[in-house]
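Trainee: Counting with the working numbering, you get residues 579 to 767 for the letters of the sequence shown.
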Amino acid sequence: MSGEPKDDKPSQPMTPEIALEMLDGATYEQAAAAVAERVRVSKLARKVQGKPIEKWPDFVMQWDDNPSSFHFSQDGLGPGKLDLKEIGLFVARLSSLDAVLQKYNLRTPDEVWSVGDKFKAAKVIVHASEGRKFSPVWIAPTSGSEVCLVGGNHRLAIARAKGVETLPLIYHKKDFTKLKPLFPELSSD
């Protein structure tokens, strides 16, 4: 009835996780939904964590090459925190990346669960099996003729395990001259 007071109690109690989402500008409802989604994905990730590749759900790695999603390539970086004019994108063969990737970042398909954060890798599998797209792997030149990963180690590990042949890479444009000799795919556009 319209004359009765509305029950404005939240559907779930305020938690630190919800409060943190709200500090980032989300409404209570948006924050609660984001937290509930993380809980849902976490439960599914725990079920797949540690399983051999042949027991993973079926999926194909899909990439989001929209610059507005590039901030996801670095953990904790929010939208609008990157100067997108300074970020370049190109598609490379995985073999080209592996040839110049520093050994610290190079993970074989057999190392998905033994190197890095198992839970993060499992969440990548869950997201991929649900058809979600991933922001590109972020690279940067190191000394000599190698590159390191700035972001995307777990995405790359899962993509490699699934046998991808090509993938998008992003980089700071200031590094173009150092990266060009390492990647025949990189063009100056």
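Think of the CB as a built atom: it goes at the ideal place given N, C-alpha and C, for glycine as much as any other residue.
Counting beta carbon pairs with one atom in the region 734-749 and one in the region 669-684, are three or more of them shorter than 8 angstroms?
Mentor: Because the criterion of three Cβ pairs below 8 angstroms is met, the region 669-684 and the region 734-749 touch.
Trainee: At which residue ranges does the region 653-689 contain complete alpha helix (DSSP H) runs of 4 or more residues, listed in the order of the chain?
Mentor: Counting only runs of 4 or more, we get 672-678.
Trainee: Which residues mark the beginning and the end of the beta strand (DSSP E) in which Ala718 is found?
Mentor: The sequence position of residue 718 within the sequence shown is 140, counting from 1. Taken as a continuous stretch (DSSP letters only), the beta strand (DSSP E) holding Ala718 covers Val715 to Pro719.
Trainee: If we call anything under 7 angstroms between Cβ atoms a contact, is Phe668 one with Leu745?
Mentor: The residue given as residue 668 occupies position 90 in the sequence shown. The residue given as residue 745 occupies position 167 in the sequence shown. Not in contact: Phe668 and Leu745 (Cβ atoms no closer than 7 angstroms).
Trainee: With a threshold of 6 angstroms, establish whether the CB of Leu734 neighbours any heavy atom of the ligand SAH.
Mentor: Within the structure as shown, the ligand SAH is missing, as the structure has no ligands at all.
Trainee: In the DSSP assignment, what are the bridge partners of Thr744?
Mentor: Within the sequence shown, residue 744 is the residue found at index 166, counting from 1. Partner(s): Arg671.
Trainee: Measure the alpha-carbon distance for Pro630 versus Glu689 and round it to whole angstroms.
Mentor: The residue given as residue 630 occupies position 52 in the sequence shown. The residue given as residue 689 occupies position 111 in the sequence shown. C-alpha separation (whole angstroms): 11 angstroms.
Trainee: In terms of residues, what are the limits of the alpha helix (DSSP H) holding Leu601?
Mentor: By one-based count along the sequence shown, residue 601 stands at place 23. Looking at the DSSP string, the run of the alpha helix (DSSP H) that includes Leu601 is Pro594 to Leu601.
Trainee: Is Ser713 buried or exposed, if buried means 16 or more other CB atoms sit within 10 Å of its CB?
Mentor: For the purposes of this step, residue 713 is taken as residue 135 along the sequence shown, with counting starting at 1. By the 10 Å Cβ count, Ser713 comes out buried.
Trainee: Please report the straight-line C-alpha distance between Gln627 and Ala739, rounded to a whole angstrom.
Mentor: Residue mapping note: residue 627 aligns to position 49 of the sequence shown, counting from 1. Residue mapping note: residue 739 aligns to position 161 of the sequence shown, counting from 1. Roughly 14 angstroms separates the two Cα atoms.
Trainee: Name the one or two DSSP bridge partners that Gly729 has.
Mentor: Counting from one through the sequence shown, the residue named residue 729 turns up at place 151. Paired residue(s): Trp716.
Trainee: Which residues does DSSP pair with Tyr749 in a beta bridge?
Mentor: Your numbering for residue 749 matches position 171 in the sequence shown. According to DSSP, which records beta bridges pairwise, Tyr749 is partnered with Gly666.
Trainee: Under 7 angstroms, do Ile665 and Ile748 count as touching if we go by C-beta distance?
Mentor: For the purposes of this step, residue 665 is taken as residue 87 along the sequence shown, with counting starting at 1. For the purposes of this step, residue 748 is taken as residue 170 along the sequence shown, with counting starting at 1. In this structure, Ile748 lies closer than 7 angstroms to Ile665 by Cβ.
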